[in-house]
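Protein chains in written order, with the working numbering: chain E, 9 to 241; chain W, 9 to 241. For every residue, glycine included, the Cβ atom is placed at its ideal position computed from N, Cα and C. These numbers come from a predicted model, not from an experiment. Single-structure report; data block below.
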DNA sequence: CGATTCCTTGATCAGTATCAAGGGCGGTGG
DNA sequence: CCACCGCCCTTGATACTGATCAAGGAATCG
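In structure tokens, the structure reads:
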């Protein structure tokens, strides 16, 4: 039973569709939960028993094969919605990439509430449509882009998403940021190996498009050339 | 102003969320339109001015780069919904792969109607969630599967989707079917070249998993082995 | 301070793309 | 009805990108 009024993602999460008294009801259904880096909230193939809003931190959605190949199919940031409302098992796992806080609901409770609140469903629909567009752009990357184009695209995407959810300032993007992903995870998002990611980052650094102050930090030094390389439309 | 009551996809399209009198109103907003093979209904980057239900035929959703690379990011079958309701430009083109009939609405008219009909939005949300799950499974294919796994997966997927929308019988899948895609388009869905697709089909044929009576026909002779190869969960 | 984990770099390999040629099918016009 | 033409598909030879194998180095944590 959290204080939604004071929630840092209050105005960006789907909750923004609700009036104060509706929010009060929803707040009784959910609870704030800490998730440690590496902890898995939902397992691929399990029935989707919970949904959640991300308050802080970054989580990955991932699919894997029996023989151990993994593909990250989504990365979620603060104010994003997690989970599969209205039935069905989850087709992917949800795992924290950083320590995170989420506002979690049982699916049954959330579904019941959502059924009564069309505005919430509308917000959810818009978010899902946006997510689908993003997934499709990523399909183009995975199907048709080269390794260097993929890495450039990822850096710009993270820059944009971190910028738009940044608390400190409402910028369209950030030129300096901390990667929420390690090299292996970058490979898993891009459909590449860790070695290829590393080599491409080195190339971008040598071409003076970026610098890498430490293994988790990126500074974009020439956004324009990076965008050209990323085939940004 | 079409006769929705008699519509062949009446019970499977999103219209199934509506009561007869609501359907009568919606029917006045839309019209039935023929789309010839190869004709493009929506262009990538254009403002999304129309949405539609597919009545018959098959269409592709595709994204392309300035230098001519193309990725098919979705294939839609009868009863599927096309378009991006509630604002935004389309992030992909929609083109008929076969001659098709669609029930088309201006986005403005559809949005207005949908706003007043939560059940319709609910149906749309469920469809969009399903589509997102499918897109994410495809991301795994594009990022991590080998050429032979990809081709096997595609054949099974088409078999399943044609089966579930087949008018003649409600089967879970079909063992014999006509491909709505030529080799180039199969490559564009799978992130492969036409030559690689052709070679993999030949291999599947030589391994007696399928036969290819003519260039557009496929017969699945050993679904079980094909599923193993496709890494079907 | 040592151990472990993560990252980079190098050498080699493999899978798929590219380049190139030929064949079969369907459509068209004589 | 048949011959020709064009398109799509298959197959082969070669090239190249990124994967794999391997080793060393840097940052992090106890």
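Any Cβ of chain E closer than 8 Å to the Cβ of residue 194 of chain W would place that residue at the interface, and such an atom is absent.
Counting along the chain, no beta strand (DSSP E) covers residue 31 of chain W; the unbroken alpha helix (DSSP H) around it starts and ends at 28 to 37. Only exposed fits residue 232 of chain W, as fewer than 16 other CB atoms lie within 10 angstroms of its CB. DSSP assignment within the stretch 70 to 156 of chain E yields the following whole beta strand (DSSP E) runs of 3 residues or more, N-terminal first: 78 to 84, 101 to 104 and 108 to 114. Among the residues of chain E, none has a CB under 8 Å from the CB of residue 225 of chain W; the nearest is roughly 26 Å distant. The C-alpha of residue 92 of chain W is placed about 10 Å away from the C-alpha of residue 119 of chain W.
Less than 8 Å divides the Cβ of residue 132 of chain E from the Cβ of residue 89 of chain E. One thing to note: residue 80 of chain W has its Cβ no nearer than 8 Å to the Cβ of residue 111 of chain W. When secondary structure is reduced to three states using DSSP, residue 204 of chain E falls in the helix class. In the three-state scheme derived from DSSP, where H, G and I count as helix and E and B as strand, residue 235 of chain E is classed as helix. Within the DSSP bridge table, the entry for residue 60 of chain E names E/90 and E/112 as partners. One alpha carbon belongs to residue 16 of chain W, the other to residue 61 of chain W, and they sit about 11 Å apart. Taking a Cβ-Cβ cut-off of 8 Å, residue 190 of chain E has no neighbours in chain W, whose nearest Cβ is about 17 Å from it. Secondary structure at residue 172 of chain W: helix, using DSSP grouped into helix, strand and coil. The three-state secondary structure of residue 44 of chain E, taken from DSSP, is coil. For residue 146 of chain W, the nearest CB of chain E lies under 8 Å from its own CB, placing it at the interface with that chain. Along the stretch 117 to 146 of chain E, the positions whose C-beta sits under 7 Å from a C-beta of chain W are 126, 129, 130, 132, 133, 134, 136, 137, 139, 140, 141, 143, 144, 145 and 146, read in chain order. Non-local beta-carbon contacts of residue 103 of chain W in its own chain, meaning distances under 6 Å to residues more than five positions away in sequence, involve 48 and 68 in chain order.
Against chain W, the CB of residue 27 of chain E has no partner CB under 8 Å away; the residue lies outside that interface. As computed with DSSP, residue 67 of chain E is found in a beta bridge with E/84 and E/104. For residue 13 of chain W, the three-state secondary structure derived from DSSP is helix. In the DSSP assignment, residue 185 of chain E forms a beta bridge with E/226. Residue 195 of chain W: member of the alpha helix (DSSP H) spanning 191 to 198, first to last residue. By the neighbour-count criterion, in which a residue is buried when 16 or more other Cβ atoms sit within 10 angstroms of its Cβ, residue 46 of chain W is exposed.
C-alpha of residue 153 of chain W to C-alpha of residue 191 of chain E: approximately 20 Å in a straight line.
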